[in-house]
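J.:
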Amino acid sequence: MKFDAGTLKYDAQGLIPAIAQEAATGDVLMFAWMNAEAVARTLASGQVTYWSRSRQAFWAKGESSGHVQRLLEMRIDCDRDCLLLLVEQAGPACHTNRHACFYTAVRGGAEVEILAPEA
Numbered sequence: 000m001k002f003d004a005g006t007l008k009y010d011a012q013g014l015i016p017a018i019a020q021e022a023a024t025g026d027v028l029m030f031a032w033m034n035a036e037a038v039a040r041t042l043a044s045g046q047v048t049y050w051s052r053s054r055q056a057f058w059a060k061g062e063s064s065g066h067v068q069r070l071l072e073m074r075i076d077c078d079r080d081c082l083l084l085l086v087e088q089a090g091p092a093c094h095t096n097r098h099a100c101f102y103t104a105v106r107g108g109a110e111v112e113i114l115a116p117e118a
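Per numbering that gives the first Met the number 0, the very first residue in the sequence shown carries number 0; after that it's consecutive.
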C-alpha cells in the first residue's frame, strides 16, 4: 500500500508531533512538529524537515548548524497522530550543543543536568 501523508491525523493547526530517535543507540534525541509538506519533504530528500511554529517556516534539521538528521525509517503510531523518526544524527541534536534535547531529569525531587554540552 502506498503511503499517503494525508491519512495522518493532524491537529487543528495541521501539525503532527514527531519524535526523533537515534537508530544506532535508541537515544530519544528531540521532539518537534511536522505538517504534511514537511513529511513529504523528509520522505523525498531523506533529510528530516520539521515545521517551526515560532518562525512559521520549514526547518531542515542541520541547515544552519550542519547537524543533519538523515531519515532511516518513519514509523506511525496506532492512532496515526504521532510519528517516530529513526534517524542517523550528525553531531548534537539539540540547539544547546547537547547530544539530545532531553538533558535534564527529575531525580529525588530535584532537577539535574544529565547531559553536558559537547565540546
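Cβ coordinates follow ideal geometry from the N, Cα and C atoms, glycine included.
Which full runs of the alpha helix (DSSP H) of 4+ residues lie inside the segment 85-109, going along the chain?
T.: none
J.: Which of helix, strand or coil does DSSP assign to V44?
T.: Against the sequence shown, residue 44 aligns to sequence position 45. The sequence shown places Ser at residue 44, not Val. Helix at S44.
J.: Pull up the DSSP beta-bridge partners for F57, would you.
T.: The residue given as residue 57 occupies position 58 in the sequence shown. Per DSSP, W50.
J.: Between which two residues does the beta strand (DSSP E) holding M29 run?
T.: Residue 29 sits at position 30 when you count from the first residue of the sequence shown. Looking at the DSSP string, the run of the beta strand (DSSP E) that includes M29 is 27-33.
J.: With 16 as the cutoff for other CB atoms within 10 Å, does H94 come out buried or exposed?
T.: Counted from its first residue, the sequence shown places residue 94 at position 95. H94 should be labelled exposed.
J.: Look up A115 in the DSSP assignment and say whether it is helix, strand or coil.
T.: Here residue 115 refers to the residue found at position 116 of the sequence shown. Here A115 sits in coil by DSSP.
J.: I think I18 touches Y9, with their Cβ atoms under 8 Å apart; what is that distance to the nearest whole Å?
T.: Here residue 18 corresponds to residue number 19 of the sequence shown, with the count starting at 1. Here residue 9 corresponds to residue number 10 of the sequence shown, with the count starting at 1. In fact, because the Cβ distance is near 16 Å, the residues do not count as touching under 8 Å.
J.: Quick check: what's the CA-CA separation for Y49 versus G107?
T.: Taking the sequence shown and counting its residues from 1, one reaches residue 49 at position 50. Taking the sequence shown and counting its residues from 1, one reaches residue 107 at position 108. One C-alpha to the other measures close to 35 Å.
J.: Residues in its own chain within less than 8 Å of F57 by CB, not counting five upstream and five downstream?
T.: Here residue 57 corresponds to residue number 58 of the sequence shown, with the count starting at 1. If we look at F57 and ignore the five residues flanking it on each side, its Cβ neighbours are E36, A37, R40, T48, Y49, W50, S51.
J.: My assumption, with CB atoms under 8 Å, is that R69 sits in contact with Q46. Please give the rounded CB distance.
T.: Locating residue 69 in the sequence shown gives position 70, counting from the first residue. Locating residue 46 in the sequence shown gives position 47, counting from the first residue. Contact flag correct, Cβ pair sits at about 6 Å.
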